[in-house]
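Comments concern the structure below.
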Amino acid sequence: MWEFDRRGYLQRGSNAPEVVLEHPDLVKAMHREFVHAGSDVVLAFTYCAHREKLKSINKEDKVEKLNRQALQIAKEVAEETGALLAGGICHTRVYDPQDPVAVEKCHNMFKEMIEWAVDAGVDYITGETFDILDEALLALECIQKYGKGVPAVITFAPYCPDETIDGVPIPEACRRLEEAGAAVGPIAALPVPFRCKDDCKTFYSLKDEETGDFLYPRNLESNRCNAKDIIEFAKQTKEIGVQYVGLCCGNTAGYMRDLAETLGRKPPASRYSMDMSRSSIQGNEADAVNPLARKTRLFMFGGSDYRAK
Numbered sequence: 153m154w155e156f157d158r159r160g161y162l163q164r165g166s167n168a169p170e171v172v173l174e175h176p177d178l179v180k181a182m183h184r185e186f187v188h189a190g191s192d193v194v195l196a197f198t199y200c201a202h203r204e205k206l207k208s209i210n211k212e213d214k215v216e217k218l219n220r221q222a223l224q225i226a227k228e229v230a231e232e233t234g235a236l237l238a239g240g241i242c243h244t245r246v247y248d249p250q251d252p253v254a255v256e257k258c259h260n261m262f263k264e265m266i267e268w269a270v271d272a273g274v275d276y277i278t279g280e281t282f283d284i285l286d287e288a289l290l291a292l293e294c295i296q297k298y299g300k301g302v303p304a305v306i307t308f309a310p311y312c313p314d315e316t317i318d319g320v321p322i323p324e325a326c327r328r329l330e331e332a333g334a335a336v337g338p339i340a341a342l343p344v345p346f347r348c349k350d351d352c353k354t355f356y357s358l359k360d361e362e363t364g365d366f367l368y369p370r371n372l373e374s375n376r377c378n379a380k381d382i383i384e385f386a387k388q389t390k391e392i393g394v395q396y397v398g399l400c401c402g403n404t405a406g407y408m409r410d411l412a413e414t415l416g417r418k419p420p421a422s423r424y425s426m427d428m429s430r431s432s433i434q435g436n437e438a439d440a441v442n443p444l445a446r447k448t449r450l451f452m453f454g455g456s457d458y459r460a461k
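The sequence shown finishes on residue 461 if you use our numbering, and the numbering steps up by one all the way, no holes.
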């Protein structure tokens with residue numbers, strides 16, 4: 153979603169994946185791009201593709217077509233690359249545990265999306281970025297009821313404080329989902345590629361260091377993680393034995409390659425991984441073949457004869 157927004161094919165705010173219908177070739181290309189970079193899974197782009205979301209942009213009549221097309225696009229890439237195929241549902245923003253009508257509405261939306269995913273032959277279904285435990289449990293229940301045995305991955309989107317919107321501490325919420333039968337994790341949608349910190353635990357709360365203004369939603373790019381940050385995150389997940397890992401909002405193929413390589417993989421994109429030893433300015437043989445290499449380095453790095461690694 154974030155990447156299509158960055159490229160000008162998705163409207164932030166509505167977040168509806170209209171690009172699936174309008175530019176299916178671009179969706180397929182992005183799936184290929186992430187598998188090329190090391191992803192083991194092709195996740196159909198059905199995030200925010202539920203009935204209420206499309207109704208809000210006057211396209212409820214397109215809900216089935218969009219979902220089935222997204223699943224077909226992902227399936228084609230999964231089959232050509234040997235990756236796993238995943239379907240996806242997500243939070244609805246209409247869930248209210250005190251309103252039986254709202255609960256039934258969410259149940260029905262989950263049901264139809266799960267059934268479409270099963271029709272496409274998915275290997276598993278992901279329930280993405282829930283912040284209400286009860287809604288996450290409902291999503292899990294629906295996957296178990298209508299998913300014909302496919303595993304369920306359920307992810308949280310924790311904010312601040314460290315509890316769900318319905319007041320359950322995140323560790324307890326994870327335990328309850330695990331006990332209810334979530335196949336993976338449960339995991340949290342915490343590893344966003346933005347430089348969150350102790351006093352700004354979510355990218356929503358990050359502020360511009362000069363103005364004090366919130367960076368979300370338009371100006372987060374100024375606070376992106378760098379490759380070293382992603383590599384360090386990957387090392388930490390490996391050290392504690394995480395077996396299912398990825399990045400959430402703001403992920404790119406470049407980050408995915410860094411993640412995969414740090415975890416010992418060599419995806420096709422590794423052929424093009426950085427090798428500054430070949431640089432005509434900073435490489436091992438730069439001074440021998442380029443008479444102005446050293447002076448160029450001094451100009452580039454403010455007087456330092458620095459050689460990037």
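Backbone N, C-alpha and C define an ideal beta-carbon position, used for all residues, glycine too. Given the structure is predicted, the values throughout are model-derived calculations rather than measurements.
If we count the other Cβ atoms within 10 Å of its Cβ and call it buried at 16 or more, is C132 buried or exposed? A question about residue 132 goes unanswered here, because the residues of the chain that appear run from 153 up to 461.
Where M428 and Q388 are concerned, what is the direct C-alpha to C-alpha distance, given to the nearest angstrom? For the purposes of this step, residue 428 is taken as residue 276 along the sequence shown, with counting starting at 1. For the purposes of this step, residue 388 is taken as residue 236 along the sequence shown, with counting starting at 1. The alpha-carbon atoms of M428 and Q388 are separated by roughly 26 angstroms.
Coarse secondary structure for K349, derived from DSSP in three states: Walking along the sequence shown from the start, residue 349 turns up at place 197. K349: strand per DSSP, three-state reduction.
Rounded Cβ spacing between V194 and L206 (contact assumed at less than 8 angstroms): Reading the sequence shown from its first residue, position 42 is the one you call residue 194. Reading the sequence shown from its first residue, position 54 is the one you call residue 206. Not really, about 22 angstroms apart at Cβ, beyond 8 angstroms.
Just to confirm before moving on: does the CB-CB distance between V270 and V302 stay below 8 angstroms? Numbered from 1 along the sequence shown, position 118 holds the residue referred to as residue 270. Numbered from 1 along the sequence shown, position 150 holds the residue referred to as residue 302. Yes, these two residues count as a Cβ contact at 8 angstroms.
Determine which residues share a DSSP beta bridge with L195 and list them. Looking up residue 195 in the sequence shown gives position 43. According to DSSP, which records beta bridges pairwise, L195 is partnered with A238.
Might you give, ordered along the chain, the residues of its own chain that have their beta carbon closer than 6 angstroms to the beta carbon of T278, omitting 5 neighbours on each side? Working through the sequence shown from its first residue, we reach residue 278 at position 126. Taken in chain order, the residues that qualify are A238, G240 and V305.
Among residues of its own chain, excluding the 5 on either side of L292, which ones have a beta-carbon nearer than 7 angstroms to its beta-carbon? The count along the sequence shown starts at 1 and reaches residue 292 at position 140. Counting only Cβ-Cβ distances below 7 angstroms, and skipping sequence neighbours, we find G279, A304, I306, L329, A332, G333 and A334.
Between Y368 and A440, what straight-line distance do the alpha-carbon atoms span, to the nearest angstrom? Taking the first residue of the sequence shown as 1, we reach residue 368 at position 216. Taking the first residue of the sequence shown as 1, we reach residue 440 at position 288. Between Y368 and A440, the C-alpha separation is close to 48 angstroms.
Rounded to the nearest angstrom, what separates F262 and I295 at their Cα positions? Working through the sequence shown from its first residue, we reach residue 262 at position 110. Working through the sequence shown from its first residue, we reach residue 295 at position 143. Cα to Cα, the separation comes out at about 8 angstroms.
Three-state secondary structure (DSSP) of I295: Translated into the one-based positions of the sequence shown, residue 295 becomes position 143. DSSP places I295 in helix when its eight states are reduced to three.
DSSP three-state label for K359, please. In the sequence shown, the residue the question calls residue 359 occupies position 207. Reduced to three states, the DSSP call for K359 is strand.
Name the DSSP beta bridge partners of Y276, please? Along the sequence shown, read from residue 1 onward, the residue named residue 276 stands at position 124. Partner(s): A238.
Length of the line joining the Cα atoms of P323 and L285: On the sequence shown, position 171 is the one that residue 323 refers to. On the sequence shown, position 133 is the one that residue 285 refers to. Looking at the two C-alpha atoms, the distance is approximately 11 angstroms.
Can you name, in chain order, every residue of its own chain whose Cβ lies under 8 angstroms from the Cβ of L450, other than the five neighbours on each side? Position 298 of the sequence shown, counted from the first residue, corresponds to residue 450. If we look at L450 and ignore the five residues flanking it on each side, its Cβ neighbours are S456 and D457.
Do the CB positions of F355 and L372 come within less than 8 angstroms of each other? In the sequence shown, residue 355 corresponds to position 203, counting from 1. In the sequence shown, residue 372 corresponds to position 220, counting from 1. Pairing F355 with L372 gives a Cβ-Cβ distance under 8 angstroms.
Helix, strand or coil for E315 per DSSP? Working through the sequence shown from its first residue, we reach residue 315 at position 163. Correct three-state label for E315: strand.
Cβ-based neighbour list, I383, same chain, cut-off 6 angstroms, excluding 5 preceding and 5 following: Against the sequence shown, residue 383 aligns to sequence position 231. D410 and T414.
Just the C-alpha distance for A235 and A421, rounded to the nearest angstrom, thanks. Translated into positions along the sequence shown, residue 235 becomes position 83. Translated into positions along the sequence shown, residue 421 becomes position 269. One C-alpha to the other measures close to 15 angstroms.
Strand pairing of P419, partner residues [DSSP]: The residue given as residue 419 occupies position 267 in the sequence shown. In the DSSP output, where bridge partners are listed per residue, P419 has none listed.
Contact check, N219 vs W268, beta carbons under 8 angstroms: In the sequence shown, the residue the question calls residue 219 occupies position 67. In the sequence shown, the residue the question calls residue 268 occupies position 116. Yes, the Cβ-Cβ distance between N219 and W268 is below 8 angstroms.
Where does F156 fall in DSSP's three states? The count along the sequence shown starts at 1 and reaches residue 156 at position 4. Helix.
For the alpha helix (DSSP H) that R327 lies in, which residues bound it at each end? Within the sequence shown, the letter at position 175 stands for residue 327. Run containing R327: I322 to A332, per the alpha helix (DSSP H) assignment.
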